[in-house]
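Q: What follows is a single structure, and I will ask about it in a moment.
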Amino acid sequence: DGGITQSPKYLFRKEGQNVTLSCEQNLNHDAMYWYRQDPGQGLRLIYYSQIVNDFQKGDIAEGYSVSREKKESFPLTVTSAQKNPTAFYLCASKNQAREQFFGPGTRLTVL
Amino acid sequence: QKEVEQNSGPLSVPEGAIASLNCTYSDRGSQSFFWYRQYSGKSPELIMFIYSNGDKEDGRFTAQLNKASQYVSLLIRDSQPSDSATYLCAVNPPGSGGSYIPTFGRGTSLIVHP
């Protein structure tokens, strides 16, 4: 089955901790994205990567970091510099037809 | 700033009616347009895409695009309670280096009542 997986489904972070959210896809897509969604809000772009070993900041990159060492993987680290990290985090990948597909999401809560 | 605007709703329709969801966008260079359905607590699911002016039909869904008016809509015929969800409009405006970075509206909440 082709698709996008995200782990963990739920994540709890203490103040001052860095945490890493996993995103893996086996769709052979070059482009991958990280979004943040807050209650009642749309999707806000954190980072995106068009190709391996390259990534770009989105609209709200401050306090986040990413890497793209493999085509299949695009992990997101939420650093202690992100002051309000509680949100629903969505990873997506996009095919050549510009259709974007989403993983199931990770719900991050700061304790 | 590239913007995608949607009425947040909720839009409430009776079962069996036609639900009409609308979206406007600011970047005239946008090439492709997508509709996603998002159930509460779940991730968005792609349900329709449209690239050319006019209508595109897929089952009970019809996407309509008018590039001159910068307007895209989604019609859901014979609405069912299971269609109750938030519908996100996404637009692909051209970015730097030929990239197309999707821009999402905030979504319209649809409630289909029996």
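Listed in order, the protein sequences are those of chains A and B.
For what it's worth, this note's numbering labels the leading residue of the first sequence as 1, then goes sequentially.
For what it's worth, this note's numbering labels the leading residue of the second sequence as 1001, then goes sequentially.
Backbone N, C-alpha and C fix where the C-beta goes; we use that ideal spot for every residue, glycine too.
1. Suppose the cutoff is 7 Å on Cβ atoms and the five residues either side in sequence are ignored; what does the same chain contact list for G1016/B look like?
2. Please say whether G3/A and N28/A have beta carbons closer to each other than 8 Å?
3. In whole angstroms, what separates the C-alpha of N53/A from that of G1054/B?
4. Measure the alpha-carbon distance for S1020/B versus L1075/B and round it to whole angstroms.
5. In chain B, which residues lie less than 8 Å from L43/A when you measure between Cβ atoms?
6. Whose Cβ in chain A lies nearer than 9 Å to the Cβ of G1029/B?
7. Tell me, which residues are paired with D1083/B by DSSP?
8. Please report the Cβ distance between Q6/A and G105/A, rounded to the nearest whole angstrom; I am assuming they are in contact, meaning their Cβ atoms lie under 8 Å.
9. Using a threshold of 8 Å, state whether the C-beta atoms of V110/A and R13/A are closer than that.
10. With H, G and I counted as helix, E and B as strand and the rest as coil, what does DSSP make of T86/A?
11. Report the residue from G103/A, C91/A, T77/A, E69/A whose alpha carbon sits nearest the alpha carbon of L45/A.
12. Indicate whether at least one CB of chain B lies closer than 8 Å to the CB of F55/A.
13. Counting contacts by CB-CB distance shorter than 8 Å, is N1022/B in contact with chain A?
14. Residues in its own chain within less than 6 Å of T1062/B by CB, not counting five upstream and five downstream?
15. Is the beta carbon of Q1038/B closer than 8 Å to that of T1108/B?
16. Starting from the C-beta of Y33/A, find all residues in its chain whose C-beta is less than 6 Å away, skip the five residues before and the five after it, and write them out in chain order.
17. By the DSSP assignment, the beta strand (DSSP E) with R44/A in it spans what residues?
18. Using only alpha-carbon positions, find the residue among E69/A, P75/A, Q56/A, T79/A that is nearest to G16/A.
19. Kindly list, in the order they appear in chain A, the residues whose Cβ is closer than 7 Å to that of N1092/B.
20. Could you tell me whether the Cβ atoms of S1030/B and P1093/B are closer together than 8 Å?
21. Pull up the distance between the alpha-carbon of G1059/B and that of R1106/B, whole angstroms please.
A: By the coordinates alone:
1. So the list reads D1078, S1079, once near-sequence residues are dropped.
2. In this structure, G3/A does not lie closer than 8 Å to N28/A by Cβ.
3. Using only the alpha carbons, I get a separation of about 39 Å.
4. Looking at the two C-alpha atoms, the distance is approximately 5 Å.
5. Going along chain B in sequence order, the residues near L43/A (Cβ under 8 Å) are P1044, L1088, F1104.
6. Residues of chain A passing the Cβ test: none, with the nearest at roughly 14 Å.
7. Its beta-bridge partners do not exist; DSSP assigns none.
8. Contact holds; Cβ gap of about 6 Å.
9. Using a Cβ distance threshold of 8 Å, V110/A and R13/A count as a contacting pair.
10. Coil at T86/A, not helix or strand.
11. The shortest CA-to-CA distance from L45/A to any of G103/A, C91/A, T77/A, E69/A is the one to C91/A.
12. Interface criterion not met: the Cβ of F55/A is under 8 Å from no Cβ in chain B.
13. Chain A contact via Cβ: absent.
14. Result list for T1062/B: D1055, L1075, in chain order.
15. Contact flag unset, no.
16. Only residues of its own chain outside the window of five on either side were considered, and among them Y48, A92 have a CB closer than 6 Å to the CB of Y33/A, listed in chain order.
17. Run containing R44/A: 43-51, per the beta strand (DSSP E) assignment.
18. That would be T79/A, whose Cα lies nearest to the Cα of G16/A.
19. Chain A residues near N1092/B: R98.
20. Yes, the Cβ-Cβ distance between S1030/B and P1093/B is below 8 Å.
21. Cα-Cα distance, rounded: 25 Å.
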